[in-house]
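A.B. asks:
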């Protein structure tokens with residue numbers, strides 16, 4: 001919590017207050033939209049710099065660039081899900097999810113998980129060569145390429 005001066009009466013008040021306790025004037029937010037990143041950048045440590053919304057859009061773009069189906073993209077939770085087409089292990093494809101985890105102000109780690117689909121008369125779907133996880137990793141790799 002920081003103390004700021006009221007723009008109306010000059011009294012010191014908390015930056016978290018909705019209004020000045022002295023005169024009732026509304027407190028202007030200290031952070032502005034101008035401070036928010038407008039594009040995604042890749043940090044040297046492999047994390048992403050941006051906003052959750054920008055990263056969700058970047059993940060969706062990476063999925064669509066692969067020609068895969070975008071099943072869902074939730075900007076609030078930072079979860080993007082997708083399905084691939086036919087794979088070596090499953091004619092129903094792979095279902096994957098990319099998780100966007102905030103680790104600091106405008107800093108995010110992206111992780112993914114995936115599994116082979118088993119549908120219809122298919123009895124099992126072998127994960128040949130960890131094929132499912134490689135699909136999720138490919139989305140993250142494309143995100144890194146697009147962010148540079």
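Numbering (full-length UniProt numbering), first residue to last: 1 to 148.
From the three backbone atoms N, C-alpha and C, an ideal C-beta is built for every residue, glycine too.
Computed from a predicted structure; not experimentally measured.
Under a Cβ-count criterion, where at least 16 other Cβ atoms within 10 Å of its own Cβ denotes burial, should residue 64 be classed as buried or exposed?
C.D. replies: The residue labelled residue 64 in the question sits at position 64 within the chain shown. It counts as exposed.
A.B. asks: Return the chain-ordered list of same chain residues with a C-beta closer than 8 Å to the C-beta of residue 18, the five sequence neighbours on each side being excluded.
C.D. replies: Taking the first residue of the chain shown as 1, we reach residue 18 at position 18. Counting only Cβ-Cβ distances below 8 Å, and skipping sequence neighbours, we find 26, 27.
A.B. asks: Tell me whether the region 136-145 and the region 95-106 touch, counting them as touching only if at least three CB pairs, one residue from each stretch, are closer than 8 Å.
C.D. replies: Yes: the two stretches touch, three or more of their Cβ pairs being nearer than 8 Å.
A.B. asks: Per DSSP, what are the beta-bridge partners of residue 107 in this structure?
C.D. replies: Mapped onto the chain shown, residue 107 falls at position 107. DSSP, once it has assigned bridges, lists 49, 104 as partnering residue 107.
A.B. asks: By the three-class DSSP mapping on this structure, what secondary structure does residue 35 have?
C.D. replies: For this step, residue 35 is matched to residue 35 along the chain shown. In the structure shown, residue 35 sits in a helix (DSSP, three-state: H, G or I).
A.B. asks: Please report the straight-line C-alpha distance between residue 86 and residue 16, rounded to a whole angstrom.
C.D. replies: Counting from one through the chain shown, the residue named residue 86 turns up at place 86. Counting from one through the chain shown, the residue named residue 16 turns up at place 16. Using only the alpha carbons, I get a separation of about 52 Å.
A.B. asks: Quick one: Cα of residue 4 to Cα of residue 68, how far?
C.D. replies: If you number the chain shown from 1, residue 4 lands on position 4. If you number the chain shown from 1, residue 68 lands on position 68. Each residue's alpha carbon lies about 50 Å from the other.
A.B. asks: Opposite residue 113 in the DSSP bridges: which residues?
C.D. replies: Locating residue 113 in the chain shown gives position 113, where the first residue counts as 1. DSSP lists 97 as partners of residue 113.
A.B. asks: Does the beta-carbon distance from residue 11 to residue 49 come in below 9 Å?
C.D. replies: Indexing the chain shown from 1 puts residue 11 at position 11. Indexing the chain shown from 1 puts residue 49 at position 49. No.
A.B. asks: Relative to the alpha-carbon of residue 70, which residue among 39, 43, 81 has its alpha-carbon at the smallest distance?
C.D. replies: On the chain shown, position 70 is the one that residue 70 refers to. Answer by Cα proximity: 81.
A.B. asks: Taking the C-alpha atoms as reference points, what is the distance between residue 45 and residue 75?
C.D. replies: The residue labelled residue 45 in the question sits at position 45 within the chain shown. The residue labelled residue 75 in the question sits at position 75 within the chain shown. Using only the alpha carbons, I get a separation of about 24 Å.
A.B. asks: Below 6 Å CB to CB, which residues in the same chain sit around residue 73 once its five sequence neighbours on both sides are set aside?
C.D. replies: By 1-based counting over the chain shown, the position of residue 73 is 73. Answer for residue 73: 56, 60, 80, listed in chain order.
A.B. asks: Apart from the five residues just before and just after residue 58, which ones in its own chain have a Cβ nearer than 7 Å to its Cβ?
C.D. replies: For this step, residue 58 is matched to residue 58 along the chain shown. Once the five neighbours on either side are set aside, the close Cβ partners of residue 58 are 40, 143, 146, 147.
A.B. asks: Let me know the secondary structure DSSP gives residue 12 once reduced to three states.
C.D. replies: Residue mapping note: residue 12 aligns to position 12 of the chain shown, counting from 1. In this structure, residue 12 counts as strand in the three-state DSSP scheme.
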